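In the working numbering, the protein residues as written are 418 to 761. Structure, as structure tokens:
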């Protein structure tokens, strides 16, 4: 059976950079007597990228996908399947993957969307791995393109609403990433193993209520919720349950990894995760902090694009090199978790 290799990792960040202070000013922090700097203090996000007017999820994903193709020297005609994985999307129907493929001039592929909050990208890579290993596709492009700036509320009528919805929601940013995957007989690198689990009893955390048939015409329901603490706390609880099983599932633990690429909820989550890993797996928390890729300070939380954006950063900065054993770790609203071991 062929092994799925990551030929390249692509990324696209919109040109416009917006600081947390700018957004707090826009939302009326001073007017309502709210301390400036609260967004960075709560999340670690100092700035994020925002899409330009007329720049949509499909544009962001297409540019990230083309970046991956250019890096690998692969033509759009070589793509057998394209999977768009994102929280935000261009419209309800058809699948945004169709628009991405058109903008990339991908004409020989079957395309579809995967929607599963921040976990969607890892789900997409897992599906691509299955397509390649079963011989249904040879080359698969998994892309994500988020435009959270279109779902972020900036106008508030009172301090109570501002405090409930703004500080953490403002950490969300726009951007895209891509993994270009291909089957190979070469040993020693590629997608190794994966583990996914859903805790559906907790679906009612951080719900974006709009966009469906429950509230089809209520614009206020389309804004993202204001806090991720419930998700983050549950995430740590989930890890407590899965850490003892890592060795059996993957043949190694986070202690054995060269690099850990987590989803980018908030900077403080990295430290809490590191403390937990050290407590249960051994070693010092600082060792895990050094292994973990954190880009929330300059990109914010970019939803499903977090994993490829952080992976690109890790490769660019030398945190990931050929032969490095890496864990990609994601938790998304729903609540679902995903862990994938990769040898680059």
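Note that CB positions come from ideal geometry on N, CA and C, so glycine has one too. The structure presented is a predicted model; accordingly, all values stated were derived computationally and were not measured.
7 angstroms CB neighbourhood of residue i in its chain, flanking five on each side removed
| i | result |
| --- | --- |
| residue 460 | 585, 588, 683, 684, 713 |
| residue 516 | 475, 507 |
| residue 566 | 467, 468, 591 |
| residue 579 | 444, 445, 449, 451, 573 |
| residue 699 | 672 |
| residue 767 | With the chain covering only 418 through 761, there is no way to say anything about residue 767. |
| residue 692 | 702 |
| residue 518 | 499, 526, 528 |
Test item: CB-CB of residue i and residue j under 8 angstroms
| i | j | result |
| --- | --- | --- |
| residue 474 | residue 507 | yes |
| residue 671 | residue 423 | no |
| residue 498 | residue 545 | yes |
| residue 608 | residue 757 | yes |
| residue 484 | residue 541 | no |
| residue 652 | residue 748 | yes |
| residue 477 | residue 469 | no |
| residue 632 | residue 570 | no |
| residue 419 | residue 561 | no |
| residue 549 | residue 559 | no |
| residue 655 | residue 746 | no |
| residue 735 | residue 605 | no |
| residue 737 | residue 728 | yes |
| residue 442 | residue 456 | no |
| residue 444 | residue 583 | yes |
| residue 488 | residue 425 | yes |
| residue 528 | residue 514 | yes |
| residue 642 | residue 630 | no |
| residue 634 | residue 750 | no |
| residue 598 | residue 421 | yes |
| residue 761 | residue 674 | no |
Supposed contact pair residue j and residue i - C-beta distance, whole angstroms, cut 8 angstroms
| i | j | result |
| --- | --- | --- |
| residue 552 | residue 481 | Contact flag wrong, Cβ pair sits at about 27 angstroms. |
| residue 742 | residue 666 | Residue 742 to residue 666, Cβ: 14 angstroms. No contact. |
| residue 501 | residue 592 | About 14 angstroms; that fails the 8 angstroms criterion. |
| residue 479 | residue 520 | 4 angstroms |
| residue 763 | residue 530 | Missing from the structure shown is residue 763; the chain here goes from 418 to 761 and no further. |
Chain-order list of residues whose beta-carbon lies under 6 angstroms from that of residue i (same chain, five-residue window excluded)
| i | result |
| --- | --- |
| residue 451 | none |
| residue 614 | 754 |
| residue 525 | 494 |
| residue 638 | 626, 627, 632 |
| residue 721 | 502, 503, 504, 535, 537, 538, 561 |
| residue 694 | 671, 705 |
| residue 752 | 616, 619, 651 |
| residue 486 | none |
| residue 612 | 666, 756 |
| residue 543 | 611 |
Where the beta strand (DSSP E) containing residue i begins and where it ends
| i | result |
| --- | --- |
| residue 530 | 527-531 |
| residue 752 | Unbroken run through residue 752: none, as it is neither H nor E. |
| residue 428 | 420-429 |
| residue 694 | That residue, residue 694, is in no beta strand (DSSP E); its alpha helix (DSSP H) goes 684-698. |
| residue 502 | 498-502 |
| residue 556 | 556-564 |
| residue 679 | 676-679 |
| residue 591 | 591-601 |
| residue 610 | 607-615 |
| residue 465 | 464-467 |
Continuous alpha helix (DSSP H) stretch holding residue i: start and end
| i | result |
| --- | --- |
| residue 708 | 702-708 |
| residue 546 | 537-550 |
| residue 477 | 474-489 |
| residue 667 | 663-667 |
| residue 713 | 713-716 |
| residue 670 | Element bounds for residue 670: n/a, residue is neither H nor E. |
| residue 437 | 437-444 |
| residue 729 | 723-733 |
| residue 495 | Counting along the chain, residue 495 falls outside any alpha helix (DSSP H), and DSSP gives it neither H nor E. |
| residue 515 | 513-521 |
| residue 578 | 576-586 |
| residue 457 | 455-460 |
Beta-carbon proximity list for residue i, same chain, < 8 angstroms, skipping 5 on both sides
| i | result |
| --- | --- |
| residue 575 | 449 |
| residue 764 | An answer regarding residue 764 cannot be provided, because it is not within the stretch 418 to 761 covered by the chain. |
Chain E contact for residue i (CB, 8 angstroms cutoff)
| i | result |
| --- | --- |
| residue 562 | The question asks about chain E, but that chain is absent: this structure has only one protein chain. |
Any non-hydrogen atom of the ligand MG within 7 angstroms of residue i CB
| i | result |
| --- | --- |
| residue 637 | Absence of the ligand MG from the depicted structure is noted, as is the absence of any ligand whatsoever, leaving it without description. |
Query raised in the report: Would you call the stretch 686-701 and the stretch 431-440 touching, i.e. three or more CB-CB distances under 8 angstroms?
Result: no
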